[in-house]
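Protein chains in written order, with the numbering used here: chain A, 720 to 1475; chain B, 3 to 326.
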């Protein structure tokens, strides 16, 4: 049974809720600095071309224009892994690639000036398919990356960064197998997670080496600690505004930051670059393209004996974080599939479309969606219940895996069998599962099918966090931590964690604004690390501050610090509340008492989420309706029930479940344009079509921090695509090779191909 | 959006004279839900210098039932108003369904039925935003070939097209075709009344930039007829039709005595399935006959490289409109 707490586990109002719903919350679009200019980007009409000439005179002469920049006169900053993405280049590599930048007094003037810039291009052939791109005669995007292959031996997470899974002896593994299945499966929708707010940055230089950056980002501190090294190490002060959603994509915004900073430098004025929705769609952080070509070996009882093959990862025009995603994806695959023999190789490829970036799912979702169909094909032969397979093969305490930095870790986490059983019961899996490729029910032309998939991530304890907690004499506390609010409610949850340690009302705990000048280091709200990693630092800082408070109070109460307790701003001897003295007397009204906390990475506690889905497929139109979703997990201890439920409901949208049904960026492979870069043609689920959605969240406690909690938010999207893929296959009795399962594919699969 | 002059017209005469004064550089605006998108995305090579608001003209948003059963709908009637009108609900359920099927409540509260009939195509090549590397020139814009022919044409015509294979996106047009509606257009040369089928051309509508769609006239509907409007989309709300079908069937003693079937989003214009109608008339409609008629309706359709599936959906919708 979970412990009873004053705040932890209870629903409490989000501290910023009123500001958001009353319009007081300030987003990047609300922020206007004195003398601020607006930056706009001229974008390439071609997927691949050399810029032969740029004529900017007419644009520069326009009233209200303060700067026009081209590849001739931009700073030499570079981003990407390894560094290969310039601010502006003499070559463009996707439709929408940046060609020139303008800064103007108004956004309208800036837009008009773009039409006055004349550019002559020399068109080059383009390549869009991940396997075509690595053929000998394919068009080459970068001289430094022959064969369009990006290096994987880069120290993204240190010298041993994971880029493949090689373990045991796959040949022996296949010999042991009763069933060997192979195939090629593509998860190449390149969807956009589409937070409501597009990315935006304001940059201002205070001297040649001091840059201040305001941004609507999920991990604003990246704009300091990641971007400094890419810009010649200026002292960057990174400030976060309210962030209108991110789903990973707005962890940072390297391109908008480059553009704003370059224009701010040349004009010596603050410059805002706030992307339009079209730019957001067409030039910002798509999901990686993922294709698995390989095979799996399995025994009749569902014991995996070998996984081998190639994972083709298409990162588009450049790699922003693709190597990091490959590393995490390779790690996550091992959590999902307990197998002694692996030979999973990776090829990271660039192609002529808008680049992929960081997105919730971070490599793991992409690999799972392409790899699981072949595993499931193998399960179908002996008709193994997939729920039993997941129970048998999800990593258990004592099982090992290579994690992203290349080290071998042994799980000290949970056995999630109970969560699997609870989810299956809530979904009524046993009644609904009729076997592989068999519908649950047939209602005239409509067929019901069910599917399931599970996902996990050991990133809950990734990277470093630091926090200060300052106790004030008025019995309030201030948390100094660099945590942005991009919708998950983590700022409020951290306040709860501190309030619980300090036993003061939640209203008396405040958290500092997101500002790298004010706060110690935090890696940011990436993966599901908020609860365990950031939480641990905040808890430790609060405990440390409380300890200092007790040390100050001990002589006053003539007791040892260990014998003291505090509640509602009073310190007293445990069990003797009448001995209490207020914080203000202990701390002194002109002083404060500060504690420090730090978290060091720990990859030994994977989280877990299993997703059951039920779909209805219309055999005569090919339409899929998502009827029901049950998500089951064990969070150890829930910190804030509405926040956690919200995270899990978020498996809909944000390029999750619906990438199996209709979410996709539609790339014209003749012209290179993404055709559906608007909220109408890009299909995303609306409120009118929400399925029945039930969360089953166990609280068994896990050895993390004092609350025994573990984060699960990030992984909610990941099992969705392969679960729906399986549900649809079961409904109609056919399988597919690529996502999304649009009506044309359904109708073709059921044999209604030519309208005859 | 670029700057433009904005005028509120107080009468049709004033609107016509304002547009004449601007010599082809002005556009009329009603609900604006389509035009503002066109302007914001800057998809056309020419940008209007002036916008003339016709919502301010009184008397163009009335719905009336005449003594003989004819119903007239002012073109400025909002879609929500059309769908909620007791007269329409009583006599024209197919139009209610079609109006209700358009977009979202917000857009139905803004958009007019006239605008729904006149809206520009949704072809994604045509609509490609200028800011993302430049607007796409195409046959419809008077320069170059139709890109959908060789490109991604999953939502385009399955029944041909002369030069351009974009489809007519209007939902209400399809219901109105099945209802045999006529429309009244007013322009510098005065008023004219035409059957709604004649309103549409391969490249949009016959409406000239200096003309206004004024009224929709629906003749008395066949007594006790059954009216159905079905729309296939990937999502329930918001989406434009992948395929839509409006059917009007009159049956006496189990026998189909008259029928009209209109198909939407299958061709550049609404399509009447005359030969399928002929098969049904005089017969008792069962599933087998409905399937046969559906097959007949798509006979001669020529799908493009990526949209043969739309033929299957068209057949399904026709069948379901007849027997469900």
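Each residue gets a CB set at the ideal place from its N, CA and C atoms; glycine is no exception.
**Item:** Coil, strand or helix - residue 889/A by DSSP
**Value:** Sequence index remark: in the first chain, residue 889/A carries index 170 (1-based). Of the three classes helix, strand and coil, the one that applies to residue 889/A here is helix, per DSSP.
**Message:** Strictly under 7 Å for the Cβ-Cβ distance: is residue 1474/A near chain B by that measure?
**Reply:** Residue numbering aside, residue 1474/A sits at position 755 when the first chain is read from its first letter. Reliability of the predicted coordinates at residue 1474/A is poor, the pLDDT of 42 falling under 50, and the value obtained from them is presented with this limitation in mind. Chain B, which has a Cβ nearer than 7 Å to the Cβ of residue 1474/A, makes this yes.
**Message:** From the DSSP secondary-structure annotation, give me the bridge partner or partners of residue 685/A.
**Reply:** Because chain A spans 720 through 1475 in this model, residue 685/A falls outside it and cannot be assessed.
**Request:** Compare the beta carbon distance of residue 1189/A and residue 1197/A with 7 Å and say whether it is the shorter of the two.
**Result:** Taking the first residue of the first chain as 1, we reach residue 1189/A at position 470. Taking the first residue of the first chain as 1, we reach residue 1197/A at position 478. Yes, the Cβ-Cβ distance between residue 1189/A and residue 1197/A is below 7 Å.
**Request:** Express the C-alpha separation of residue 296/B and residue 254/B in angstroms, rounding to a whole number.
**Result:** Translated into the one-based positions of the second chain, residue 254/B becomes position 252. Translated into the one-based positions of the second chain, residue 296/B becomes position 294. Near 21 Å, if we compare the C-alpha coordinates of residue 296/B and residue 254/B.
**Request:** Check whether the Cβ of residue 311/B lies closer than 7 Å to any Cβ atom in chain A.
**Result:** Here residue 311/B refers to the residue found at position 309 when the second chain is read from its first residue. Yes, because at least one Cβ of chain A sits closer than 7 Å to the Cβ of residue 311/B.
**Asked** Since residue 1005/A contacts residue 1042/A with CB under 8 Å, what's their CB separation in whole angstroms?
**Response** Within the first chain, residue 1005/A is the residue found at index 286, counting from 1. Within the first chain, residue 1042/A is the residue found at index 323, counting from 1. The Cβ separation is near 17 Å, so there is no contact.
**Prompt:** Span of the beta strand (DSSP E) holding residue 315/B?
**Reply:** Against the second chain, residue 315/B aligns to sequence position 313. It is not in any beta strand (DSSP E) - residue 315/B instead sits in the alpha helix (DSSP H) that spans 311-325.
**Prompt:** Between the Cα of residue 951/A and the Cα atoms of 794/A, 1322/A, 1392/A, which residue gives the shortest distance?
**Reply:** For the purposes of this step, residue 951/A is taken as the residue at position 232 of the first chain. Residue 794/A is the option with its Cα nearest to residue 951/A.
**Residue nearest to residue 269/B in terms of C-alpha spacing, selected from 188/B, 34/B, 196/B, 302/B** = Counted from its first residue, the second chain places residue 269/B at position 267. Here the closest residue by C-alpha is 302/B.
**Item:** Selection from 1135/A, 1287/A, 797/A, 1308/A that minimises the alpha carbon distance to residue 1299/A
**Value:** Numbered from 1 along the first chain, position 580 holds the residue referred to as residue 1299/A. The residue with the shortest Cα to Cα distance from residue 1299/A is 1287/A.
**Request:** Determine, using beta-carbon pairs with one atom in the region 204-221 of chain B and one in the region 7-26 of chain B, whether at least three such pairs fall under 8 Å.
**Result:** yes
**Request:** Would you mind sorting residue 1146/A into buried or exposed? The rule is 16 or more other CB atoms within 10 Å of its CB.
**Result:** As a position in the first chain, residue 1146/A is number 427, starting the count at 1. Buried, by the Cβ-count rule.
**Asked** Between the region 101-114 of chain B and the region 70-89 of chain B, are three or more C-beta pairs nearer than 8 Å?
**Response** yes
**Prompt:** Do residue 232/B and residue 247/B have their C-beta atoms closer together than 7 Å?
**Reply:** Taking the second chain and counting its residues from 1, the one referred to as residue 232/B is at position 230. Taking the second chain and counting its residues from 1, the one referred to as residue 247/B is at position 245. Yes, these two residues count as a Cβ contact at 7 Å.
**Item:** Cβ contact check for the region 93-106 of chain B and the region 177-187 of chain B: 3 or more pairs under 8 Å
**Value:** yes
**Asked** Shorter than 7 Å from the beta carbon of residue 828/A to some beta carbon of chain B?
**Response** By 1-based counting over the first chain, the position of residue 828/A is 109. No, residue 828/A does not count as interfacial toward chain B.
**Asked** Should residue 1072/A be flagged as near chain B, meaning a C-beta pair shorter than 7 Å?
**Response** Locating residue 1072/A in the first chain gives position 353, counting from the first residue. Not closer than 7 Å to any Cβ of chain B, the Cβ of residue 1072/A fails to qualify, so no.
**Asked** What residue from 1338/A, 1362/A, 726/A has the CA that sits closest to residue 1468/A's CA?
**Response** Working through the first chain from its first residue, we reach residue 1468/A at position 749. Per the Cα distances, 1338/A.
**Request:** Identify, in the order they occur along the chain, each residue of the same chain with its Cβ nearer than 7 Å to the Cβ of residue 964/A, setting aside the five sequence neighbours on each side.
**Result:** Position 245 of the first chain, counted from the start, is the residue given in the question as residue 964/A. If we look at residue 964/A and ignore the five residues flanking it on each side, its Cβ neighbours are 914, 915, 916, 1205, 1206.
**Prompt:** When burial is assigned at 16 or more other CB atoms within 10 Å of the CB, is residue 241/B buried or exposed?
**Reply:** The residue labelled residue 241/B in the question sits at position 239 within the second chain. Buried.
**Pair within 7 Å by beta-carbon distance, residue 1458/A and residue 1073/A** = Start at 1 with the first residue of the first chain, and residue 1458/A comes out as number 739. Start at 1 with the first residue of the first chain, and residue 1073/A comes out as number 354. In this structure, residue 1073/A does not lie closer than 7 Å to residue 1458/A by Cβ.
**Item:** Cα-Cα separation, residue 1417/A to residue 1133/A
**Value:** To locate residue 1417/A, count along the first chain from 1; it is residue 698. To locate residue 1133/A, count along the first chain from 1; it is residue 414. Spanning the two alpha carbons is a distance of roughly 12 Å.
**Between the CA atoms of residue 897/A and residue 1101/A - distance to the nearest angstrom** = Position 382 of the first chain, counted from the start, is the residue given in the question as residue 1101/A. Position 178 of the first chain, counted from the start, is the residue given in the question as residue 897/A. Spanning the two alpha carbons is a distance of roughly 9 Å.
**Other residues of its chain near residue 183/B: CB distance less than 7 Å, five sequence neighbours each side excluded** = Here residue 183/B corresponds to residue number 181 of the second chain, with the count starting at 1. Closer than 7 Å at the Cβ level, and outside the excluded window around residue 183/B, lie 198, 218, 219, 220.
**Item:** Residues in the region 1369-1388 of chain A having any Cβ partner in chain B nearer than 7 Å
**Value:** 1381, 1385, 1387
**Item:** For residue 1343/A, the nearest candidate out of 1076/A, 1150/A, 1443/A (CA to CA)
**Value:** For this step, residue 1343/A is matched to residue 624 along the first chain. The residue with the shortest Cα to Cα distance from residue 1343/A is 1443/A.
**Request:** Could you tell me which chain B residues have their CB closer than 7 Å to the CB of residue 1395/A, listed as they occur along the chain?
**Result:** On the first chain, residue 1395/A is found 676 positions in, with the first residue counted as 1. Under the 7 Å cutoff, chain B gives 126.
**Request:** Give the DSSP-derived three-state secondary structure of residue 199/B in the structure shown.
**Result:** Within the second chain, the letter at position 197 stands for residue 199/B. Residue 199/B: helix per DSSP, three-state reduction.
**Message:** Tell me the DSSP secondary structure of residue 747/A in three-state form.
**Reply:** Here residue 747/A corresponds to residue number 28 of the first chain, with the count starting at 1. It is helical.
**Message:** How far does the beta strand (DSSP E) with residue 1301/A in it extend, from its first residue to its last?
**Reply:** The residue labelled residue 1301/A in the question sits at position 582 within the first chain. Run containing residue 1301/A: 1295-1301, per the beta strand (DSSP E) assignment.
**Message:** For chain A, check one thing: does any of its Cβ atoms lie closer than 7 Å to the Cβ of residue 135/B?
**Reply:** Taking the first residue of the second chain as 1, we reach residue 135/B at position 133. Yes, its Cβ sits closer than 7 Å to a Cβ of chain A.
**Request:** May I have a chain-ordered list of the alpha helix (DSSP H) segments no shorter than 4 residues that lie completely inside the region 847-917 of chain A?
**Result:** 889-895
**Item:** For residue 262/B, the three-state DSSP class (helix, strand or coil)
**Value:** By one-based count along the second chain, residue 262/B stands at place 260. The answer is strand: DSSP assigns residue 262/B an E or B state.
**Asked** Quick one: Cα of residue 314/B to Cα of residue 807/A, how far?
**Response** Locating residue 314/B in the second chain gives position 312, where the first residue counts as 1. Locating residue 807/A in the first chain gives position 88, where the first residue counts as 1. Their Cα atoms are separated by approximately 48 Å.
**Prompt:** Start and end of the beta strand (DSSP E) containing residue 772/A?
**Reply:** The sequence position of residue 772/A within the first chain is 53, counting from 1. Looking at the DSSP string, the run of the beta strand (DSSP E) that includes residue 772/A is 768-774.
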